[in-house]
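Numbering (the numbering used here), first residue to last: 5 to 318. Glycine included, each C-beta is placed from N, C-alpha and C at the ideal position. Quick notes on the structure that follows.
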Amino acid sequence: MPERTDTTTPWYVRVMLGSAGLIAALFLLGFVGIGLMFIVQSRTLSMGVGLAAVAAAFALFRAAGHKDFAAMFALAISLAGQLLFAYGLFDRLVGFRTSAVPFWVIAALQTVLVVVMPNTIHRTLSAYAGGLAFAYACGLSGAGFLAAGAIATAIAALWLQEARFGSRHAVAMPMAYGLTLAFLQIEVTSLFWWSMPAAPGAPVAAGAWTWVGTALTDAVFVVTAGILLLRAEWALRQPRTPMALGAIVALCVVSLPAPGIVACLLVVLLGFSNGNRLLVGAGIVALGFYMGAYYYLLHATLLEKSVVLLVTGL
Numbered sequence: 005m006p007e008r009t010d011t012t013t014p015w016y017v018r019v020m021l022g023s024a025g026l027i028a029a030l031f032l033l034g035f036v037g038i039g040l041m042f043i044v045q046s047r048t049l050s051m052g053v054g055l056a057a058v059a060a061a062f063a064l065f066r067a068a069g070h071k072d073f074a075a076m077f078a079l080a081i082s083l084a085g086q087l088l089f090a091y092g093l094f095d096r097l098v099g100f101r102t103s104a105v106p107f108w109v110i111a112a113l114q115t116v117l118v119v120v121m122p123n124t125i126h127r128t129l130s131a132y133a134g135g136l137a138f139a140y141a142c143g144l145s146g147a148g149f150l151a152a153g154a155i156a157t158a159i160a161a162l163w164l165q166e167a168r169f170g171s172r173h174a175v176a177m178p179m180a181y182g183l184t185l186a187f188l189q190i191e192v193t194s195l196f197w198w199s200m201p202a203a204p205g206a207p208v209a210a211g212a213w214t215w216v217g218t219a220l221t222d223a224v225f226v227v228t229a230g231i232l233l234l235r236a237e238w239a240l241r242q243p244r245t246p247m248a249l250g251a252i253v254a255l256c257v258v259s260l261p262a263p264g265i266v267a268c269l270l271v272v273l274l275g276f277s278n279g280n281r282l283l284v285g286a287g288i289v290a291l292g293f294y295m296g297a298y299y300y301l302l303h304a305t306l307l308e309k310s311v312v313l314l315v316t317g318l
């Protein structure tokens with residue numbers, strides 16, 4: 005049976021009701037939290053109650069239908085439950101700052117929530133949180149260089165197959181948006197000490213492995229561009245096709261000192277190919293922020309940084 009759509013309520017009324025529901029839920033959870041302090045003091049109880057809250061939110065989502073107030077209340081309950089579960093999980097594992105286990109658990113939990121939670125906002129937030137948890141888990145496992153490349157592969161596959169998802173579109177698109185947001189955050193913050201690959205306590209990867217991680221993202225960019233050229237009926241035997249691919253490879257090579265450039269351009273390319281203005285805008289904003297941070301924060305001469313930006317056309 006097809007899912008019912010609500011076309012009678014204006015969008016601004018839905019936004020107001022949703023905001024009111026979120027505020028009311030946060031106040032209610034605050035009052036309940038004060039009266040149930042004993043739950044926070046127990047690690048096992050925190051995890052159990054947190055998972056129970058997530059299950060209750062799932063039931064409320066199913067019962068809410070298109071009622072914005074109830075849906076936002078369920079979202080607040082689920083987020084509070086996840087935070088409570090994460091608090092108990094991290095508190096239970098001694099030395100969690102150098103252990104990837106809790107982050108793997110959170111990434112797995114968010115993956116399940118993306119699939120089962122019948123709410124677009126919740127699925128997007130779960131995909132975003134799952135992507136960041138995956139990046140931290142890779143970093144603490146000594147494989148931080150793999151995180152960006154793996155997430156880049158996932159978002160490219162999702163956006164390139166957008167028209168073929170059919171009934172799975174309600175799950176795939178929130179996942180694509182959430183992972184894209186996580187991917188941009190990982191790449192843009194790679195210039196700072198609090199970046200995902202440089203998570204506190206993470207083993208420091210050798211320089212060669214760092215280049216491998218950058219090459220993975222570059223490879224996804226080149227393959228994505230090649231697929232789009234084939235979709236545009238650019239045959240390989242035509243001279244313009246190898247020239248275009250060669251220019252893309254040259255861009256990747258030149259921007260190796262600033263890998264965030266290719267990452268942001270990948271998002272812009274995927275958005276442009278799908279006619280998605282939101283995706284294009286997010287990629288452009290992230291690119292502008294990354295270029296500004298790259299120019300002022302890296303330990304390289306202004307001449308070297310200017311040459312990189314000049315050659316890449318930025």
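Supposed close pair residue i, residue j - CB separation, criterion 8 angstroms
i    : j    : result
F187 : I159 : 6 angstroms
A112 : L183 : With a Cβ gap of about 15 angstroms, A112 and L183 do not count as contacting.
R47  : G85  : At roughly 15 angstroms, the Cβ-Cβ gap does not stay under 8 angstroms, so R47 and G85 are not in contact.
G153 : L220 : 3 angstroms
L283 : T228 : No, L283 and T228 are not in contact; Cβ-Cβ is about 13 angstroms, not under 8 angstroms.
A141 : F107 : 4 angstroms
V271 : G287 : 4 angstroms
L255 : L291 : The pair is not a contact, with the Cβ atoms about 13 angstroms apart (cut-off 8 angstroms).
T218 : L260 : 6 angstroms
H126 : L136 : Contact flag wrong, Cβ pair sits at about 16 angstroms.
D222 : V266 : 6 angstroms
Spatial neighbours of residue i in its chain, beta-carbon cut-off 8 angstroms, leaving aside the 5 residues before and after
i    : result
V216 : F149
A239 : T245
V1   : Here the chain covers residues 5 to 318 and nothing more, so residue 1 does not appear.
V224 : G153, A156, T157, A160, L270
T9   : Residue placement at T9 cannot be trusted, given a pLDDT of 42 that sits under 50; what the coordinates show is reported in the next sentence. If we look at T9 and ignore the five residues flanking it on each side, its Cβ neighbours are H70.
A67  : A74
V109 : L93
Q45  : none
G230 : L249
Own chain partners of residue i with C-beta closer than 7 angstroms, once the 5 adjacent residues on each side are dropped
i    : result
I43  : L49, S50, V53
L185 : Y132
M179 : V118, R127, A131, L162
Residues near residue i in its chain [Cβ-Cβ closer than 6 angstroms; skip 5 each side]
i    : result
S277 : L232
D95  : R47
G134 : A111, Q114, T115
W198 : No answer about W198 holds up, because its pLDDT of 49 lies below 50 and its placement is not dependable.
R241 : none
A104 : A141, L144, S145
F169 : A176
A61  : A78, I81, S82
Y181 : T128
F65  : A78, P122, N123
G34  : none
Nearest residue (CA-CA) to residue i, options the options
i    : options               : result
V175 : V119, V271, G85       : V119
F293 : P263, D222, V192      : V192
P122 : V258, C268, Q165, K71 : K71
A156 : R281, I27, G264, A297 : G264
R235 : L64, L164, V109, P178 : L164
L88  : L55, Q189, S171, N280 : L55
I27  : A67, G39, A75         : A75
S194 : A297, N280, A59       : A297
A90  : H173, G285, V58       : V58
Q189 : G39, V289, N280       : V289
A167 : G230, N280, P243      : N280
Residue i: CB within 6 angstroms of a non-hydrogen atom of the ligand SAM
i    : result
S145 : Ligands in the displayed structure: none, and consequently the ligand SAM is not present.
Beta carbon proximity, residue i to chain B, threshold 7 angstroms
i    : result
A151 : The structure shown contains no chain B, having only a single protein chain.
Every unbroken alpha helix (DSSP H) inside the region 66-123 [4 residues or more] | Taking 4 residues as the shortest admissible run, the region 66-123 contains the following complete alpha helix (DSSP H) segments, listed from N- to C-terminal end: 72-96, 105-120.
List in chain order: all unbroken alpha helix (DSSP H) runs of 4+ residues lying wholly within the region 244-307.
-> 244-258, 264-278, 281-301
Mind pulling the alpha helix (DSSP H) runs of 4 or more residues that sit fully within the region 118-165?
-> Correct list: 124-144, 149-164.
What residue ranges within the region 36-60 form continuous alpha helix (DSSP H) runs of no fewer than 4 residues, ordered along the chain?
-> 41-44
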